[in-house]
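Colleague: Just so we're aligned: the sequence shown equals residues 42 to 484 in my numbering. Below is the structure I would like to discuss, written out as C-alpha cells.
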Amino acid sequence: MEISNIQLLKRFKSFAFAVFIFNFTVFSNFALAQGEGLFKAKCATCHMPHKNSTGPKLFGVRAKWADGGAKDGSIYQWVNNWQTAAANDPYAAEVSKWSPTAMSAFPDLKKEDIDAILDWVDAQPDPAMATDTNGGGNTVGSISAADDQESNSWIWIIMGVIFVVVILAVGGVRRQLRLATEQDESEKMTYGEELRALAWKYRLQVGLVSLVVVISLFVGLFQTLYSINVMEGYQPSQPIAFPHSQHAGINGIDCKYCHNTVTKSKSASIPSVNVCMNCHKQIDGEGKPFANEIKKIYAAAGWDKAAMAYNGKTNPIVWNKVHNLPDHVYFNHSQHVVVGGIDCKQCHGDMTQMQETAMVQPVEELNKIEGNIKLTRKTLTMGWCIECHSKKDVAIGTGKNAYYDEIHRRLKKDPKLYAQYLNNDGKITVNELGGWECAKCHY
Ligand code: HEC
Ligand code: HEC
Ligand code: HEC
Ligand code: HEC
Ligand code: HEC
Ligand code: HEC
C-alpha cells in the first residue's frame with residue numbers, strides 16, 4: 042500500500058512536468074512570434090537570415106561572435122549602438138568594417154528582445170538547402186505563408202506528444218487506484234468513491250495540480266490567440282518600387298487622388314495604372330536610377346514610348362495587399378475617416394515619409410506620431426480595434442453630423458442612460474454607441 046502511494050506521487054510529478062513542458066512550448070512559440078515581428082519591423086530592411094544584403098546574414102551570429110572571441114554581451118551592445126560596441130570590443134570594431142554602410146542604433150531593444158530576434162533568425166531553415174516546395178514561387182507572401190505552416194505543424198506535433206504523456210500519466214494514476222483497492226478487499230468501493238477518497242487524501246497535491254492545469258490552459262489560450270495573425274511589420278514585396286514619400290510627400294499629392302474611394306466606401310482602393318499614366322506619360326525617368334520602374338508602368342499600360350501611343354497590350358500591375366483583415370471582419374473606411382474624423386496617420390503611420398512600399402506599422406511607431414490616440418494592442422488585431430473604440434469619443438450633438446445628432450436627440454430623452462454613458466470619463470465613446478458589439482465587426 043505504502044509503495045503504491047509513493048508511485049502515485051511520482052505520477053503526479055510527471056503530470057506536473059508535462060504541464061510545465063506545455064507551458065514552456067507555448068511561451069517559446071510566443072517569443073518566436075515576437076522575434077519575427079521585431080525582425081521584420083526593425084532589421085529586415087538590411088538583414089536576411091541566410092543571405093548577405095545591406096548587412097551580413099544573421100543566422101548563427103551569436104555563436105560566430107562567441108567563437109571569434111568577442112567580449113561577453115558585446116553583441117547586444119552592438120545592436121543597441123554599434124559605435125559603443127566598436128569602441129569597447131576589438132571584435133566589434135572588426136565587424137564594423139564589413140561595409141561602408143553603418144547600421145542604425147536600436148537603444149530601445151532590451152537583451153530579451155534581441156535574443157527573441159536572433160532566436161527567430163536561428164530557427165529559419167536555409168532556403169538554399171531545402172527543396173523548393175513552392176513551385177518556384179518567388180513572392181515574399183508565399184514563402185512566409187509556408188514558414189507559418191511549418192512552425193504551426195511543429196507546435197501541433199509537440200502538443201500531441203504532451204497530450205499523450207498526460208493521458209499516460211493519468212492512466213498510471215488510474216492503475217494505481219485499482220491496485221490500491223484490490224489489495225484492500227475489506228472495503229468494496231465503487232470507482233467514483235475510490236477516486237473521491239483518494240482525491241481527498243491527496244487534496245493538497247490534487248488542488249495544486251488542478252490550479253496549475255487551469256492557469257496553464259488559460260495562459261496558453263491567450264498567448265496563442267494573441268500571436269494569431271499578428272500583422273505588424275508585414276511588408277510584402279511589390280511589383281514596382283513605389284515610394285509614397287516622393288508622391289504624397291515631395292509632390293504633395295492628396296491621398297484621395299489615388300485612393301479615391303476612401304471617403305465614399307468601405308474600401309480605400311489601389312489606383313489603376315491609368316492614374317499613374319496621368320503623370321508618367323511625361324515623367325519617364327530617362328537617365329535616372331528609377332527608369333526601369335517607370336518602364337514597368339509602360340509595360341502594364343501598353344504604352345509605346347517611342348510612338349507616344351498605346352499599343353493595346355495591357356498587363357495589369359498586381360499589387361500585394363498589405364493591410365489584410367480576415368474575411369469574417371467588417372471594416373469601413375468612410376465610417377472611420379468621414380464620420381469618425383480619424384486621420385490616415387492614426388492607422389497607417391505617416392505615409393508622406395514612407396520611402397519604401399507600404400508596411401503595417403507596429404503600434405509603437407504609430408504612438409510616436411503627434412496627435413495619434415495612443416494604443417497598446419498590436420495593429421490590426423481585435424484588441425487594437427476595441428481599445429480605440431473605448432478611448433475615442435464621438436462628437437455628438439454638434440449639428441455637423443445628422444447621424445450623431447439623431448442619437449443625441451434620443452439620448453436626451455433618456456437622461457439616466459445619458460448620465461450612465463458619461464459616468465466614467467465624461468464623454469461618449471464609440472463602444473457606448475455599439476462599437477463593442479460583435480455583430481458590428483463580424484459578419
Ligand atoms: C540600416 C541597415 C541596418 C539595419 C536596419 C540593421 N542592421 Fe545590423 N548591420 C548592418 C550592417 C551594414 C552591418 C555590418 C557592419 C558594418 O558594416 O557596419 C550589420 C551588422 C550586424 C551584426 C553583426 C553581424 C556579423 O556578421 O557579425 C548584427 C548581430 C546585427 N547587425 C544585428 C542587427 C539587428 C538585430 C537589427 C535589427 C534590430 C539590425 N542589425 C538592423 C546594417 C543594418
Ligand atoms: C500617386 C498615387 C498615390 C498616392 C498620392 C498615395 N498612395 Fe497610397 N498607395 C499607392 C499605391 C500604388 C499603393 C500600392 C503599393 C504599396 O503598397 O506601397 C499604395 C498603398 C497604400 C497603402 C497600403 C495598402 C494595402 O495594401 O494595405 C496605404 C495604407 C496607403 N497607400 C496610404 C496612403 C496615404 C495615407 C496616402 C496619403 C498620405 C497615400 N496612400 C497616397 C498609391 C498612392
Ligand atoms: C500627380 C503625378 C504623379 C502620379 C499620378 C504618379 N506619379 Fe510617380 N512620380 C511623379 C513624380 C513627379 C516623380 C519624381 C520624378 C523625378 O524625380 O524625376 C515620380 C516618381 C516615380 C517613381 C520613381 C521614384 C523614385 O525616386 O524611385 C516611381 C517608381 C513612380 N513614380 C511610380 C508611380 C506609380 C506606380 C504611379 C501610379 C500608382 C505613379 N507613380 C503615379 C509623379 C506622379
Ligand atoms: C481606423 C483605422 C484606419 C484609418 C483611419 C484608415 N485606414 Fe486604411 N485601412 C485600415 C484597415 C484596418 C485596412 C485593412 C482593411 C481590410 O483588409 O479589409 C486598411 C486598408 C487600406 C488600404 C488597402 C486597400 C483596402 O481598402 O483594403 C488603403 C489603400 C488604405 N487603407 C488607405 C487609407 C487612407 C488613404 C486613409 C486616410 C484617408 C486610411 N486608409 C485611413 C485602417 C484604417
Ligand atoms: C483609431 C481609432 C479606431 C480604430 C483603431 C478602429 N476604429 Fe472603428 N471606429 C472608430 C470611431 C471613432 C468610430 C465612430 C464612427 C461612427 O460612429 O461611425 C468607429 C466605428 C466603427 C464601427 C461602427 C460602429 C457603430 O456603432 O456603428 C465599426 C463596425 C468599426 N468601427 C469597426 C472597426 C474595426 C473592425 C476596427 C479594427 C480593424 C476598427 N474599427 C478600428 C475608431 C476606431
Ligand atoms: C471593433 C471591432 C470588433 C468587435 C466589436 C469584435 N471583434 Fe472579433 N475580431 C475583430 C478583428 C479585427 C479580428 C481579427 C483579428 C486578427 O486577425 O488578429 C477579430 C477576430 C475575432 C476572432 C478570431 C480570433 C482571432 O484572433 O483571429 C473571434 C473568435 C472573434 N473575433 C470573436 C468576437 C466576439 C465573440 C465579439 C463580441 C464579444 C467580437 N469578436 C467583437 C474585430 C472585432
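Just so you know, even glycine gets a beta-carbon here, dropped at the ideal spot from N, CA and C.
(1) Report yes if the C-beta distance between residue 117 and residue 152 is below 8 Å; otherwise report no.
(2) With 16 as the cutoff for other CB atoms within 10 Å, does residue 308 come out buried or exposed?
(3) Can you find the residues in the same chain that come closer than 7 Å, C-beta to C-beta, to residue 84, ignoring five residues on each side of it along the sequence?
(4) Using DSSP bridges, identify the partner residues of residue 344.
(5) Roughly how many angstroms lie between the CA atoms of residue 100 and residue 359, to the nearest whole one?
(6) In angstroms with no decimal places, state the Cα-to-Cα distance between residue 215 and residue 246.
(7) Whether or not the region 350 to 370 and the region 389 to 402 are in contact is what I'm after, with contact meaning three or more pairs of Cβ atoms, one per stretch, closer than 8 Å; do they touch?
(8) Quick one, are the C-beta atoms of residue 132 and residue 145 less than 8 Å apart?
(9) Would residue 166 count as contacting chain C if we go by Cβ distances under 8 Å?
(10) Is residue 408 near ligand 3, with its Cβ less than 7 Å from a heavy atom?
(11) Residue range of the alpha helix (DSSP H) that residue 239 falls in?
(12) Pick out every residue whose C-beta is nearer than 6 Å to a heavy atom of ligand 2: which are they, in chain order?
(13) Which class does residue 363 belong to by DSSP, given the choice of helix, strand or coil?
(14) Distance check for residue 77 and residue 103, CA to CA, integer angstroms please.
(15) Can you give the beta carbon distance from residue 403 to residue 422, rounded, assuming they're within the 8 Å contact cut?
(16) What is the DSSP secondary structure of residue 483, counted as helix, strand or coil?
(17) Alpha carbon to alpha carbon, what distance is there between residue 352 and residue 330?
(18) So for residue 434, helix, strand or coil by DSSP?
(19) By Cβ distance below 8 Å, which residues in the same chain neighbour residue 297 in space, the five residues on each side in sequence not counted?
(20) Is it buried or exposed, residue 232, if we count other Cβ atoms within 10 angstroms and call 16 or more buried?
(21) Between the C-alpha atoms of residue 310 and residue 259, what's the straight-line distance to the nearest angstrom?
(22) What's the call for residue 166, buried or exposed, on a 16-neighbour Cβ count within 10 Å?
(23) Just how far apart, CA to CA, sit residue 383 and residue 377?
(24) Between the C-alpha atoms of residue 455 and residue 448, what's the straight-line distance to the nearest angstrom?
(25) Under 6 Å Cβ to Cβ from residue 338, same chain only, skipping five residues before and after it: list those, please.
(26) Between which two residues does the alpha helix (DSSP H) holding residue 139 run?
(27) Any idea if residue 272 is buried or exposed, counting beta-carbon neighbours within 10 angstroms, 16 or more meaning buried?
(28) Residue 437 to residue 389, Cα distance in whole Å?
(29) In chain order, what residues of the same chain have a beta carbon less than 7 Å from the beta carbon of residue 128, not counting five sequence neighbours either side?
(30) Can you give the beta carbon distance from residue 290 to residue 394, rounded, assuming they're within the 8 Å contact cut?
(31) Nearest CA to the CA of residue 95: which residue from 315, 204 and 137?
(32) Taking 6 Å as the limit between beta carbons, can you name the residues of its chain near residue 343, skipping five residues before and five after?
(33) Determine the direct distance from the alpha carbon of residue 466 to that of residue 75, and round the result to whole angstroms.
(34) Measure the alpha-carbon distance for residue 150 versus residue 79 and round it to whole angstroms.
(35) Ends of the alpha helix (DSSP H) at residue 448?
Modeller: Judging by the given coordinates:
(1) yes
(2) exposed
(3) 158
(4) 351
(5) 32 Å
(6) 16 Å
(7) yes
(8) no
(9) As a matter of chain content, chain C is missing from the structure shown, which is built from one protein chain.
(10) no
(11) 232 to 242
(12) 279, 283, 285, 288, 289, 294, 296, 298, 299, 300, 311, 312, 360, 362, 363, 364, 385, 389, 392, 393, 398 and 399
(13) coil
(14) 17 Å
(15) 12 Å between Cβ atoms; not a contact.
(16) strand
(17) 26 Å
(18) strand
(19) 303 and 304
(20) exposed
(21) 40 Å
(22) exposed
(23) 6 Å
(24) 11 Å
(25) 317 and 321
(26) From DSSP, residue 139 is part of no alpha helix (DSSP H); its letter is neither H nor E.
(27) buried
(28) 26 Å
(29) none
(30) 6 Å
(31) 137
(32) 351, 352, 353, 354 and 355
(33) 33 Å
(34) 9 Å
(35) 443 to 453
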